[in-house]
Amino acid sequence: MAAPFYVSPEQWYTEKAEYARKGIARGKPIVALDYAQGIVMMAENRSAGLKKIAEIYDRIGFAAVGKFDEYENLRKSGVRYADLRGFSFSREDVAAANLANEYSTVLGGIFTREMKPFEVEILVCEVNNASENTYFRILFDGFISDQRNFASIGGDSDQLSEALGKGWRAGLSLGEAIQVGRDALGQANGGSTTLDRDSLEIAVLDSGRTGRKFVRLSKDEVGELLGG
Amino acid sequence: MFLDEKYRGSSFAEYLRVDHPDLLPDFRHVDFTKAVLMHGTTVLSLVYRDGALMAGDRLATMGHQVGTRDVEKVFKIDETGCMAIAGVAGPAVEMARMFQLELEHFQKLEGHDLTFEGKANRLSFLVRQNLPAAMQGLAVMPIYAGFDAEKGRGRIYKFDITGGRFGEADYHATGSGGNEANSSLKKSFRQNDFSREDAIAAAIEALIDAADEDRATGGFDMKRKIYPTCKLMTKDGVEDVSDDDILAARERVLAKHEEA
Numbered sequence: 001m002a003a004p005f006y007v008s009p010e011q012w013y014t015e016k017a018e019y020a021r022k023g024i025a026r027g028k029p030i031v032a033l034d035y036a037q038g039i040v041m042m043a044e045n046r047s048a049g050l051k052k053i054a055e056i057y058d059r060i061g062f063a064a065v066g067k068f069d070e071y072e073n074l075r076k077s078g079v080r081y082a083d084l085r086g087f088s089f090s091r092e093d094v095a096a097a098n099l100a101n102e103y104s105t106v107l108g109g110i111f112t113r114e115m116k117p118f119e120v121e122i123l124v125c126e127v128n129n130a131s132e133n134t135y136f137r138i139l140f141d142g143f144i145s146d147q148r149n150f151a152s153i154g155g156d157s158d159q160l161s162e163a164l165g166k167g168w169r170a171g172l173s174l175g176e177a178i179q180v181g182r183d184a185l186g187q188a189n190g191g192s193t194t195l196d197r198d199s200l201e202i203a204v205l206d207s208g209r210t211g212r213k214f215v216r217l218s219k220d221e222v223g224e225l226l227g228g
Numbered sequence: 001m002f003l004d005e006k007y008r009g010s011s012f013a014e015y016l017r018v019d020h021p022d023l024l025p026d027f028r029h030v031d032f033t034k035a036v037l038m039h040g041t042t043v044l045s046l047v048y049r050d051g052a053l054m055a056g057d058r059l060a061t062m063g064h065q066v067g068t069r070d071v072e073k074v075f076k077i078d079e080t081g082c083m084a085i086a087g088v089a090g091p092a093v094e095m096a097r098m099f100q101l102e103l104e105h106f107q108k109l110e111g112h113d114l115t116f117e118g119k120a121n122r123l124s125f126l127v128r129q130n131l132p133a134a135m136q137g138l139a140v141m142p143i144y145a146g147f148d149a150e151k152g153r154g155r156i157y158k159f160d161i162t163g164g165r166f167g168e169a170d171y172h173a174t175g176s177g178g179n180e181a182n183s184s185l186k187k188s189f190r191q192n193d194f195s196r197e198d199a200i201a202a203a204i205e206a207l208i209d210a211a212d213e214d215r216a217t218g219g220f221d222m223k224r225k226i227y228p229t230c231k232l233m234t235k236d237g238v239e240d241v242s243d244d245d246i247l248a249a250r251e252r253v254l255a256k257h258e259e260a
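Structure follows, in C-alpha cells:
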C-alpha cells in the first residue's frame with residue numbers, strides 16, 4: 001500500500017485561501033452605505049437578468065461577489081432560512097445577525113472540509129428604524145465582521161473603505177449617497193470606466209416603507225438620481 | 001441544515017412538506033365534525049370599472065354563539081390581490097398566511113412575480129392540500145381577487161373545498177350567507193357602469209341582505225362601531241375602504257330600501 005500523500009494543514013489552508021481569493025478577485029466589488037432613509041446597495045453590473053443584489057426579508061438585503069452559482073445557492077438558502085423562521089416564529093424575529101452567523105458557519109465548514117472552497121464574499125445588510133443599521137461581511141473561509149455606516153465586499157477593501165469613509169457622512173440624501181458609492185466603485189476600477197445608469201445595479205432598504213423595505217431602482221430612477 | 005436541504009424549487013408550501021413536515025399540521029385520525037369550531041361566515045367579491053372589490057362581515061360564530069365580533073376575513077396577499085375566506089376560521093387564517101408567503105417566497109427566489117393565473121393555481125394547490133382536513137370538518141372556502149396588470153382589469157377566482165378552480169366570476173359570494181349575498185349581487189350588478197361608490201354600495205347591500213336572512217352573518221353593529229370591511233384592488237394597489245365610506249354606503253342602501 002502506498003503511503004498517503006502528506007500535506008501540512010497550514011500549506012493546505014494557505015493554498016485554498018489563495019485559490020478562493022483569486023476567484024473572488026475576478027469579480028467587481030459591491031458597496032453599501034447608509035443614507036437618510038435607510039441603506040443603499042450598489043454594484044457594477046451590466047446584466048439585466050443576473051443580479052448581485054437581492055432581497056432576503058423585510059429588513060434584510062443580500063449582496064455577493066464571486067462565483068455566480070455558489071452565491072446564488074447561498075442567496076436561495078438564505079431566503080428559505082428567513083421565510084421558514086418568519087413562518088415558525090414571527091416576521092419580527094428574522095434578524096440579519098442569525099442569517100450572517102449561518103452563512104459564516106456554512107462557509108467556514110466548507111472551507112475546512114471540502115477540497116474546493118467557495119469563491120464568494122457575502123454582504124448582509126439590515127435596516128433599522130430604532131437603532132443603527134448593520135452590515136455583516138462574510139468571507140470565503142467563514143470570517144465574519146460587522147460594520148456600521150458603510151461596507152464593501154470584493155476588490156481592495158482598504159481602498160474602498162477609504163473612499164467610502166471620505167465621502168460618507170450622516171444624513172446623506174439618496175442621490176448624494178449614490179454619488180459617494182459611484183465614486184468608490186469607480187476608484188476601485190482604477191477610475192477608467194464611467195459608471196452610468198446602464199452599468200449600475202442599485203437597490204435600497206427604505207425604512208420609510210411598511211413591511212418589505214427592499215426596493216430595486218429602475219434604470220430611469222438611477223439615471224435621474226445620477227443627474228441625467 | 002442550510003445547503004443540505006432536499007427541496008430546491010420555489011414553492012414555500014412544497015419546501016415545508018419536503019424538508020420540514022413537522023411544521024405542517026397533521027390532522028390524520030382526528031374527527032372535527034362534531035367539534036364546535038370558530039366559523040367565518042359571509043364574504044364576497046365583485047369586479048367594477050377600476051378593478052375588483054372584496055368585502056366581508058365581521059362575525060365569527062361557534063355553533064349558535066358569537067365567537068368573535070370583529071374578525072377580519074379579507075386579507076391583503078400582495079400588492080395586487082386579496083383573499084377572502086369563509087369556513088372554519090383556524091385553518092382559513094393559516095391558509096391566507098401560507099398563500100401570502102407562497103407568493104412572496106416565489107417572488108424573492110425567482111426575482112419576478114407570478115402571473116395572475118399562476119397565483120390562482122397556487123391557491124388551488126393549497127386548498128387541495130387541505131382536502132383531507134376538509135373532509136374531517138375543517139372546510140375552507142376562499143375567494144381570490146385582484147387587479148391583473150397584464151389584462152388591465154379586476155379578476156375573481158372562486159374555489160370549492162377540493163381546490164377546484166371554477167373559472168372566473170364577475171361577482172361571487174360564499175359562506176353561510178353566501179346564497180343571499182349572491183342573489184343580492186345578481187340584481188344590482190352592472191360591471192362597467194359601477195363606479196367606486198356603486199361597487200361599495202352593492203357590496204354593502206349584499207352583506208345587509210345576507211345578515212337579514214342568515215343569523216350567522218354579522219351586519220352593522222352600530223353600538224360597538226363594528227362595520228363590515230372592504231378592500232379595493234386597482235392599478236394603484238390595494239386600498240382599505242374607510243369606515244366613513246362604508247357608513248356612507250350603508251346610508252345609501254338604507255335610503256334605497258326606504259324608497260322601495
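These protein sequence lines map, in sequence, to chains A and B.
The numbering used here puts the first residue of the first sequence at 1, with every later residue one more than the last.
The numbering used here puts the first residue of the second sequence at 1, with every later residue one more than the last.
We treat Cβ as the ideally placed atom computed from N, Cα and C, and that holds for glycine.
query = Are there 16 or more other CB atoms within 10 angstroms of the CB of Y6 (chain A), so buried, or fewer, so exposed?
reply = Here residue 6 (chain A) refers to the residue found at position 6 when the first sequence is read from its first residue. Burial call: exposed.
ask   = Short check: CB of R58 (chain B) to CB of F116 (chain B), under 8 Å?
value = For the purposes of this step, residue 58 (chain B) is taken as residue 58 along the second sequence, with counting starting at 1. For the purposes of this step, residue 116 (chain B) is taken as residue 116 along the second sequence, with counting starting at 1. At a Cβ-Cβ threshold of 8 Å, R58 (chain B) and F116 (chain B) do not count as neighbours.
task = Quick one: give me the first and last residue of the alpha helix (DSSP H) that D83 (chain A) is part of.
result = Position 83 of the first sequence, counted from the start, is the residue given in the question as residue 83 (chain A). DSSP places D83 (chain A) inside the alpha helix (DSSP H), whose first and last residues are 68-88.
query = Are the stretch 162-170 of chain A and the stretch 15-35 of chain A touching by the rule of at least three beta carbon pairs closer than 8 Å?
reply = With the cut-off at 8 Å, the stretch 162-170 of chain A and the stretch 15-35 of chain A touch.
ask   = If you draw a straight line from the C-alpha of L232 (chain B) to the C-alpha of A149 (chain B), how long is it?
value = Translated into positions along the second sequence, residue 232 (chain B) becomes position 232. Translated into positions along the second sequence, residue 149 (chain B) becomes position 149. Inter-residue distance for L232 (chain B) and A149 (chain B) is about 14 Å (C-alpha atoms, whole angstroms).
request  = Along the alpha helix (DSSP H) that carries Q107 (chain B), what are the first and last residues, could you check?
outcome  = Mapped onto the second sequence, residue 107 (chain B) falls at position 107. Taken as a continuous stretch (DSSP letters only), the alpha helix (DSSP H) holding Q107 (chain B) covers 89-110.
Contact check, E79 (chain B) vs V241 (chain B), beta carbons under 8 Å = For the purposes of this step, residue 79 (chain B) is identified with residue 79 of the second sequence, where counting begins at 1. For the purposes of this step, residue 241 (chain B) is identified with residue 241 of the second sequence, where counting begins at 1. Using a Cβ distance threshold of 8 Å, E79 (chain B) and V241 (chain B) do not count as a contacting pair.
key: Residue environment, F166 (chain B), which counts as buried when at least 16 other CB atoms sit within 10 Å   = Translated into the one-based positions of the second sequence, residue 166 (chain B) becomes position 166. That one is exposed.
query = What are the boundary residues of the beta strand (DSSP E) that V71 (chain B) is part of?
reply = Here residue 71 (chain B) refers to the residue found at position 71 when the second sequence is read from its first residue. Boundaries cannot be given for V71 (chain B), as no beta strand (DSSP E) includes it and DSSP labels it neither H nor E.
ask   = Is it the case that the Cβ atoms of L99 (chain A) and E121 (chain A) are separated by a distance below 8 Å?
value = Reading the first sequence from its first residue, position 99 is the one you call residue 99 (chain A). Reading the first sequence from its first residue, position 121 is the one you call residue 121 (chain A). No, they are not a contact pair.
Bridge partner(s) assigned by DSSP for P9 (chain A) = To locate residue 9 (chain A), count along the first sequence from 1; it is residue 9. Answer is none; P9 (chain A) lacks a bridge partner.
query = Checking contacts by CB at 8 Å: is E71 (chain A) closer than that to chain B?
reply = Start at 1 with the first residue of the first sequence, and residue 71 (chain A) comes out as number 71. Looking at the sequence shown, residue 71 (chain A) is not Glu but Tyr. The C-beta of Y71 (chain A) comes no closer than 8 Å to any C-beta of chain B.
request  = Determine the burial state of H39 (chain B): buried for a count of at least 16 other Cβ atoms within 10 Å of its Cβ, exposed for fewer.
outcome  = Mapped onto the second sequence, residue 39 (chain B) falls at position 39. Buried: at least 16 other Cβ atoms inside 10 Å.
ask   = In whole angstroms, what separates the C-alpha of A63 (chain A) from that of D183 (chain A)?
value = By 1-based counting over the first sequence, the position of residue 63 (chain A) is 63. By 1-based counting over the first sequence, the position of residue 183 (chain A) is 183. Rounded to the nearest angstrom, the two C-alpha atoms are 19 Å apart.
inquiry  = Here's the rule I'm using: 16 or more other beta-carbon atoms within 10 Å means buried, otherwise exposed. How should A20 (chain A) be labelled?
reply    = Taking the first residue of the first sequence as 1, we reach residue 20 (chain A) at position 20. Looking at its Cβ environment, which holds 16 or more other Cβ atoms inside 10 Å, A20 (chain A) is buried.
task = State yes or no: is the beta carbon of Y81 (chain A) nearer than 8 Å to at least one beta carbon in chain B?
result = For the purposes of this step, residue 81 (chain A) is identified with residue 81 of the first sequence, where counting begins at 1. Interface residue, yes.
ask   = Secondary structure at Q136 (chain B), three-state DSSP: helix, strand or coil?
value = For the purposes of this step, residue 136 (chain B) is taken as the residue at position 136 of the second sequence. Looking at Q136 (chain B) - three-state DSSP - the assignment turns out to be coil, as it is neither helix nor strand.
request  = Can you pull the chain A residues whose beta carbon is under 8 Å from the beta carbon of H112 (chain B), in chain order?
outcome  = What you label residue 112 (chain B) is simply residue 112 of the second sequence in a count that begins at 1. None at all; the shortest Cβ gap to chain A is about 10 Å.
ask   = CB D101 (chain B) to CB S10 (chain B), shorter than 8 Å?
value = Here residue 101 (chain B) corresponds to residue number 101 of the second sequence, with the count starting at 1. Here residue 10 (chain B) corresponds to residue number 10 of the second sequence, with the count starting at 1. Correcting the residue identity first, residue 101 (chain B) is Leu in this sequence and not Asp. No, they are not a contact pair.
key: Interface flag, V180 (chain A) vs chain B, CB-CB below 8 Å   = Residue numbering aside, residue 180 (chain A) sits at position 180 when the first sequence is read from its first letter. At a cut-off of 8 Å between beta-carbon atoms, V180 (chain A) makes no contact with chain B.
ask   = Counting contacts by CB-CB distance shorter than 8 Å, is K213 (chain A) in contact with chain B?
value = The residue labelled residue 213 (chain A) in the question sits at position 213 within the first sequence. So, not an interface residue.
ask   = What do you get for M42 (chain A), buried or exposed, if any count of 16 or more other CB atoms within 10 angstroms of its CB means buried?
value = Mapped onto the first sequence, residue 42 (chain A) falls at position 42. The residue is buried, with at least 16 neighbouring Cβ atoms inside 10 Å.
query = Cβ atoms of A203 (chain B) and L53 (chain B): under 8 Å apart, would you say?
reply = As a first step, residue 53 (chain B) is located in the second sequence; it is residue number 53 there, counting from the start. As a first step, residue 203 (chain B) is located in the second sequence; it is residue number 203 there, counting from the start. Yes, these two residues count as a Cβ contact at 8 Å.
inquiry  = Taking beta-carbon pairs under 7 Å, can you tell me which members of the stretch 199-224 of chain A lie near chain B?
reply    = Within the stretch 199-224 of chain A, no residue has a Cβ lying closer than 7 Å to any Cβ of chain B.
key: 7 Å Cβ shell around A133 (chain B) - same chain, five flanking residues per side excluded   = Taking the second sequence and counting its residues from 1, one reaches residue 133 (chain B) at position 133. Excluding residues within five positions, the ones whose Cβ falls inside 7 Å are F27, P91.
key: 8 Å Cβ cutoff, L123 (chain A) in contact with chain B   = Along the first sequence, read from residue 1 onward, the residue named residue 123 (chain A) stands at position 123. So no, L123 (chain A) is outside the interface.
message = Please tell me whether K151 (chain B) and H172 (chain B) are closer than 8 Å, where the distance is taken between their beta carbons.
response = The residue labelled residue 151 (chain B) in the question sits at position 151 within the second sequence. The residue labelled residue 172 (chain B) in the question sits at position 172 within the second sequence. For K151 (chain B) and H172 (chain B), no; Cβs fall outside 8 Å.
request  = For the stretch 52-70 of chain A and the stretch 81-98 of chain B, state whether three or more C-beta atom pairs, one from each stretch, are separated by less than 8 Å.
outcome  = The stretch 52-70 of chain A, when compared against the stretch 81-98 of chain B, does not touch it at the 8 Å Cβ threshold.
inquiry  = Going by C-alpha to C-alpha distance, which of A:D158, A:N149, A:K28, A:C125 sits closest to A203 (chain A)?
reply    = Residue 203 (chain A) sits at position 203 when you count from the first residue of the first sequence. Nearest C-alpha to A203 (chain A): A:C125.
ask   = What separation, rounded to the nearest whole angstrom, lies between the Cα atoms of K22 (chain A) and A188 (chain A)?
value = Taking the first residue of the first sequence as position 1, residue 22 (chain A) is located at position 22. Taking the first residue of the first sequence as position 1, residue 188 (chain A) is located at position 188. Cα-Cα distance, rounded: 16 Å.
request  = Name the one or two DSSP bridge partners that V127 (chain A) has.
outcome  = As a working mapping, residue 127 (chain A) is identified with position 127 in the first sequence. Paired residue(s): none; V127 (chain A) is not in a bridge.
inquiry  = For T68 (chain B) and A216 (chain B), which I take to be in contact (beta-carbon distance under 8 Å), what is that distance rounded to the nearest angstrom?
reply    = As a working mapping, residue 68 (chain B) is identified with position 68 in the second sequence. As a working mapping, residue 216 (chain B) is identified with position 216 in the second sequence. Beta-carbon to beta-carbon, T68 (chain B) and A216 (chain B) are separated by about 12 Å, too far to satisfy the 8 Å threshold.
ask   = Looking at chain B, which residues of the stretch 37-63 of chain A have a Cβ within less than 7 Å of any of its Cβ atoms?
value = Those residues of the stretch 37-63 of chain A that come within reach of chain B (Cβ to Cβ, closer than 7 Å) are K51, E55.
request  = Look at the alpha carbon of R8 (chain B) and the alpha carbon of A89 (chain B), and state the distance between them as a whole number of angstroms.
outcome  = Taking the first residue of the second sequence as position 1, residue 8 (chain B) is located at position 8. Taking the first residue of the second sequence as position 1, residue 89 (chain B) is located at position 89. A direct Cα-Cα distance of roughly 32 Å separates R8 (chain B) from A89 (chain B).
task = Would you identify the three-state DSSP class for V204 (chain A), choosing helix, strand or coil?
result = The residue you call residue 204 (chain A) lines up with position 204 of the first sequence. In this structure, DSSP gives V204 (chain A) an extended state, which the three-state scheme calls strand.
inquiry  = Between B:C230, B:T229, B:L207, B:D221, which has its C-alpha nearest V253 (chain B)'s C-alpha?
reply    = Taking the second sequence and counting its residues from 1, the one referred to as residue 253 (chain B) is at position 253. Taking the Cα of V253 (chain B) as reference, the smallest distance to any Cα among B:C230, B:T229, B:L207, B:D221 is reached at B:L207.
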